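With our numbering, letter number 293 in the sequence shown gets 509, and the count goes up by one each step, no holes. Below: one structure, written as structure tokens.
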Amino acid sequence: MKIAIIGAGKWGSALFHALGSKNECVITSFHKREMNGFVSIEEAFECEVLVFVLAAQHTREFLKANFKNKNQKILVASKGIEAKTGKFLNEIFAEFTDDKNLAFLSGPSFAAEVMQNLPCALVASSTNHDLAKFYASLFPKFIKTYPDDDVIGAEICGAYKNVIAIASGICDGLKLGNNARASLISRGLIEMARFGKFFGAKDQTFLGLSGAGDLFLSASSVLSRNYRVGLGLANGKKLNEILRELGEVAEGVYTAEAIVRISENKEIYTPIASEVFKILGGKCVQESLQDLLKKR
């Protein structure tokens with residue numbers, strides 16, 4: 217059974233490296249890359265097993281243009297919410313294939329460390345338990361992978377933690393100290409869980425690898441793109457300049473907008489995400505800090 221990785225950025229390349237250590241793998245992307253195992257998009261879609269590692273904002277358009285449903289097994293390793301529609305990735309993929317063929321990967325995992333075969337633990341979530349177990353079995357020994365069924369919980373954790381990571385980067389960029397960062401991340405976890413509870417996510421998901429694990433990682437390291445966005449904002453850089461320097465997608469920038477739109481529509485209290493969204497829109501970080509401290 218051949219696996220195709222759809223998306224050849226850092227995370228896609230890391231998964232190609234990891235899954236390729238015990239499976240036959242190919243990889244593809246929007247643009248041709250000079251790397252072993254690279255194939256055309258058409259050839260990749262002939263595989264029975266697909267792993268999607270595309271930017272959340274481009275996923276729908278890519279599927280519309282390229283995907284042909286042949287009952288493939290699909291693992292979605294992207295994290296984010298579509299800003300224009302507020303749709304979660306599981307909702308987008310469900311427009312193109314059956315839920316029983318879909319699983320979602322989450323958990324703390326920097327691409328650079330996966331490329332070095334350093335140990336980590338992940339979660340494969342699906343409403344189809346057999347599919348979740350199947351994907352868990354594909355990973356090499358240095359990646360412990362747990363099957364789970366809380367798809368919406370894993371999705372929200374993976375998307376929301378990027379927004380909190382931006383806030384944490386701002387906190388550290390302002391040199392507010394360890395106490396402030398720990399307080400922010402803790403309150404961020406509560407905010408994530410409150411948002412998730414509205415959509416029926418399980419509390420334990422937010423305390424596990426998908427939630428606390430991924431949040432603590434992304435909100436405390438310069439290896440996190442979203443954390444680096446926050447650092448740049450705290451240092452007075454313009455968002456466009458920060459993104460240009462990154463040279464890659466920081467999903468939290470777009471997810472912040474989606475969360476705020478959803479929370480306004482559903483009347484969910486999301487103070488940190490709301491302030492991050494305002495800062496991304498140009499609000500002074502010091503003013504935002506003072507406003508956040510006034511909130512309950």
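From the three backbone atoms N, C-alpha and C, an ideal C-beta is built for every residue, glycine too. Nothing here was measured: the structure is a model prediction, and the numbers come from that model.
What residue range is occupied by the uninterrupted beta strand (DSSP E) comprising residue i?
| i | result |
| --- | --- |
| PHE268 | 265-268 |
| VAL242 | 241-244 |
| ALA220 | 219-222 |
Roughly how many angstroms separate the alpha carbons of residue i and residue j, rounded to a whole number?
| i | j | result |
| --- | --- | --- |
| PHE278 | GLY393 | 42 Å |
| ALA299 | THR471 | 6 Å |
| LEU235 | LEU354 | 7 Å |
| GLU407 | ALA450 | 22 Å |
| LYS454 | GLY225 | 24 Å |
| ASN481 | ILE401 | 25 Å |
| SER434 | PHE261 | 31 Å |
| ASN282 | ILE257 | 8 Å |
| ILE219 | ALA383 | 36 Å |
| ASP346 | VAL476 | 35 Å |
Counting along the chain, where does the alpha helix (DSSP H) carrying residue i start and finish?
| i | result |
| --- | --- |
| VAL476 | 467-482 |
| VAL492 | 487-496 |
| PHE432 | 430-434 |
| ASN442 | 441-450 |
| HIS233 | 226-235 |
| THR301 | From DSSP, THR301 is part of no alpha helix (DSSP H); its letter is neither H nor E. |
Excluding sequence positions up to five away, which residues of its chain have a Cβ less than 8 Å from the Cβ of residue i?
| i | result |
| --- | --- |
| LEU508 | PRO487, ILE488 and GLU491 |
| GLN288 | PHE261, CYS263, GLU264, VAL265, LEU266, THR313 and ASN317 |
Tell me which residues share the same chain as residue i and place their Cβ nearer than 6 Å to its Cβ, disregarding the 5 neighbours each side in the sequence.
| i | result |
| --- | --- |
| ASP364 | VAL339 and SER341 |
| PRO324 | GLY429, ASP430 and LEU433 |
Only counting the same chain, and skipping five residues up and downstream in sequence, which positions put a Cβ closer than 7 Å to that of residue i?
| i | result |
| --- | --- |
| GLU473 | ALA299 and PHE493 |
| PHE312 | LEU279, PHE283 and ASN285 |
| ALA441 | Residue identity check: residue 441 is Arg in the sequence provided, not Ala. For ARG441, where only same-chain residues beyond five positions count, the Cβ hits under 7 Å are LEU462, GLU464 and ALA466. |
Segments of 3+ residues assigned as beta strand (DSSP E) that fall wholly inside the segment 272-298:
Counting only runs of 3 or more, we get 289-292.
Whole runs of the beta strand (DSSP E) within the segment 316-381, excluding any shorter than 3 residues:
List check, beta strand (DSSP E) in window: 318-322, 336-341 and 359-364.
Examine the Cβ distances between the segment 421-437 and the segment 327-343 and report whether three or more of them are shorter than 8 Å.
Yes: at least three Cβ pairs fall under 8 Å.
Is the segment 373-385 close to the segment 356-364, with three or more CB pairs under 8 Å?
These segments do not touch.
Touch check for the segment 384-398 and the segment 430-449: three-plus C-beta pairs under 8 Å?
At 8 Å Cβ cutoff, the stretches touch.
Should the segment 364-374 be regarded as contacting the segment 408-416, the criterion being three or more beta carbon pairs within less than 8 Å?
The answer is yes - the segment 408-416 touches the segment 364-374, with three or more Cβ pairs under 8 Å.
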